[in-house]
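Undergrad: Right, I'll just put the structure down here and ask away after.
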Amino acid sequence: MKVLIIGAGYVGLNCAVAFAFVGHDVVLIEKDDNKLAMLRCWQSPIHEHGLQELLQMPAVQQRLVVCNNMELVSEADIVMIAVGTPTMENGHADNSYVENCTAELATHLSPTKRQTVVVKSTVPIGTHRRVRTIISRELEKRGLTRDVHTASNPEFLREGSALSDMLYPDRVVIGCETQSDSDMLYGLYRPILEQSFEPPLVLPRSQNYMHPPLIMTSATSAEMIKYASNCFLATKISYINEIAQLCEKLGADVTEVARGMGLDTRIGPAFLNAGIGWGGSCFPKDTKAMLAMAQEHDLSMPLIQAAVEVNKRMRMVIVEKLQIALKGLRGRTIGVMGLTFKPGTDDVRESPAVELVELLLERGAYVKAHDPKGIQNFRHAYPHLDVMLCSSPTQCALNTDAVVIATDWSEYKQLDWGFYNGVFIDARNSMRNISAHGVLAHSDGG
9 MKVLIIGAGY
19 VGLNCAVAFA
29 FVGHDVVLIE
39 KDDNKLAMLR
49 CWQSPIHEHG
59 LQELLQMPAV
69 QQRLVVCNNM
79 ELVSEADIVM
89 IAVGTPTMEN
99 GHADNSYVEN
109 CTAELATHLS
119 PTKRQTVVVK
129 STVPIGTHRR
139 VRTIISRELE
149 KRGLTRDVHT
159 ASNPEFLREG
169 SALSDMLYPD
179 RVVIGCETQS
189 DSDMLYGLYR
199 PILEQSFEPP
209 LVLPRSQNYM
219 HPPLIMTSAT
229 SAEMIKYASN
239 CFLATKISYI
249 NEIAQLCEKL
259 GADVTEVARG
269 MGLDTRIGPA
279 FLNAGIGWGG
289 SCFPKDTKAM
299 LAMAQEHDLS
309 MPLIQAAVEV
319 NKRMRMVIVE
329 KLQIALKGLR
339 GRTIGVMGLT
349 FKPGTDDVRE
359 SPAVELVELL
369 LERGAYVKAH
379 DPKGIQNFRH
389 AYPHLDVMLC
399 SSPTQCALNT
409 DAVVIATDWS
419 EYKQLDWGFY
429 NGVFIDARNS
439 MRNISAHGVL
449 AHSDGG
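If you count by the numbering used here, then the sequence shown holds residues 9 to 454, one letter each, in order.
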């Protein structure tokens, strides 16, 4: 099958590599010259486990073309939109990139070939209708009267394990209106649904992995499944962080509480890790978009609103702990370990660690910081922040009044912390077996 994907971000790039790996011929369209140059040399512009290794595979290179030639749309069976939908000031997702992309690709759709345009981006509910209308109008301008085929195929990729999530998904959701479009999308995902490919060595298939279920639904429901899923997971994290604060007051251990909860199959253990809160490119954007869509229809969503507020408060919990332990922050030197919003990625967007750095600087502290993968992106995204960026965790910790583990990278767990005698705050509750002098005991998210 010939697949064309527009946008080489986290979603588009991982989808393109995965589809090429399982046997499809893929064209990946990218307009950013820097990304394009790297990908043409088979170098990944993002850090993602297994991505560089798969890009180096001859079989992937034979099936994957990276370019900026939209005319190739005419040759594709499936055209997939995977461009960004950033948050606007009013909380809504900015759909302009999707709509502009749709208008451009519509000028290159084949006049005779049956093609399906698939929206992979996380988009406001009803975007599939907008996409269909834009394409129909453009085809009318070209004097073409053929049917327009569109579908919604939301992504459920976790940064740091996006390729694994593509090859071994929990489920595949396809939203479309006709059987022919369903058949087209089934053909795209068939190698993944049937697990008929040989797993790459860098991303082995779990022995317990079962074939993923396929959910065929309406495009509207498919769009909503994405938002509803992310908002629920964000709420689950905020819930355990609320419990964590009460645990500290009562002397309970939130990690044991979370473990006891997670063993209940109705609840499950995932996303019950108390800490500094959620961030990244999905949860903040999707919760804001959900609230904005609800407001547009005069509907309040107090559960999601509370999840957002609790999450915001968790950064201040860390700051307050430091202020109490150090008798004030002005003039103190704080080492912040981790800048990405989670381990396994170089993405610093909406990172709780970065927000913590900003709060510390506002209170007059000097900040040193380290991250195994995110230093370059931090420099690029936050050049105005006066932070000493360190090349090693040890350099970051030396001569500080306190250290905060803000992202639970394995490098920090493996470090011998016996040398450190300042205030030590594990804001991820990930280093409970690590010994250091002067540890600030806690059992909540901070």
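Glycine residues also receive a C-beta, built at the ideal position from the N, C-alpha and C atoms.
(1) Count the other CB atoms, across all protein chains shown, that sit within 10 Å of the CB of H388; report buried if there are 16 or more and exposed otherwise.
(2) If I'm right that A373 touches L406 with Cβ under 8 Å, what's the distance once you round it to whole angstroms?
(3) Looking at the unbroken beta strand (DSSP E) that takes in S418, where does it start and where does it end?
(4) Can you tell me where the beta strand (DSSP E) with H6 in it begins and where it stops?
(5) Measure the C-alpha to C-alpha separation of I142 and A114 and round it to an integer number of angstroms.
(6) May I ask which residues mark the beginning and end of the beta strand (DSSP E) holding V11?
(7) Taking only three categories from DSSP, how would you classify S204?
(8) Are G183 and E231 touching if we call contact CB-CB under 9 Å?
(9) For the alpha helix (DSSP H) containing D294, name the first residue and the last one.
(10) CA-CA distance, N385 and R357?
(11) With a Cβ-Cβ cutoff of 9 Å, do L175 and I200 count as a contact?
(12) May I have the straight-line CA-CA distance separating S144 from E370, to the nearest angstrom?
(13) So what does DSSP say about V91, is it helix, strand or coil?
(14) Go through the region 339-401 residue by residue and report every complete run of the alpha helix (DSSP H) that reaches 4 residues or more, in order.
(15) Touch check for the region 84-94 and the region 126-140: three-plus C-beta pairs under 8 Å?
(16) Out of curiosity, what's the CA-to-CA distance linking C109 and N103?
(17) For A410, list the residues DSSP reports as bridge partners.
(18) For the beta strand (DSSP E) that contains G183, what are its first and last residues?
(19) Whose CA, out of I342, L299, A315 and Q51, lies closest to the CA of I326?
(20) Counting pairs of Cβ atoms below 8 Å between the region 188-207 and the region 256-274, do you hit three or more?
(21) By how many angstroms is the C-alpha of P221 removed from the C-alpha of N249?
(22) Kindly indicate the opening and closing residues of the alpha helix (DSSP H) around L334.
(23) Give the straight-line distance between the Cα atoms of G430 and V411, rounded to the nearest whole angstrom.
(24) Using a threshold of 9 Å, state whether the C-beta atoms of T348 and K376 are closer than that.
(25) Is the separation between the beta-carbon of T408 and that of I312 shorter than 9 Å?
(26) T124 bridges to which residues according to DSSP?
(27) Hey, L72 and A24 are a contact pair by Cβ (cut 8 Å); roughly how many whole angstroms apart?
(28) Going by alpha carbons, who is nearest to V34 out of Q70, I54 and R179?
(29) Of the residues V395, M439 and D394, which one's Cα is nearest the Cα of I413?
(30) V318 and Y217: beta carbons closer than 9 Å?
(31) So, helix, strand or coil for T135, using DSSP?
TA: Taking the definition as stated:
(1) Under this definition H388 is an exposed residue.
(2) Not quite, the Cβ-Cβ distance comes to about 16 Å (not below 8 Å), so this is no contact.
(3) No beta strand (DSSP E) contains S418, which is instead part of the alpha helix (DSSP H) from S418 to Q422.
(4) Nothing about residue 6 can be read from this structure; the chain reaches only from 9 to 454.
(5) 8 Å
(6) K10 to I14
(7) coil
(8) In this structure, E231 lies closer than 9 Å to G183 by Cβ.
(9) F291 to E304
(10) The straight-line gap from Cα to Cα measures roughly 9 Å.
(11) yes
(12) 52 Å
(13) If DSSP states are grouped into helix, strand and coil, V91 belongs with coil.
(14) 360-370 and 383-389
(15) Verdict: yes, contact present.
(16) 10 Å
(17) I342 and V431, per the DSSP bridge assignment.
(18) V180 to C184
(19) I342
(20) no
(21) 32 Å
(22) P310 to L334
(23) 7 Å
(24) Taking 9 Å as the Cβ cut-off, T348 and K376 do not qualify as a contacting pair.
(25) no
(26) Per DSSP, I86.
(27) 6 Å
(28) Relative to the Cα of V34, the nearest Cα in the group Q70, I54 and R179 belongs to Q70.
(29) M439
(30) No, they are not a contact pair.
(31) Taken through DSSP and simplified to helix, strand or coil, T135 comes out as helix.
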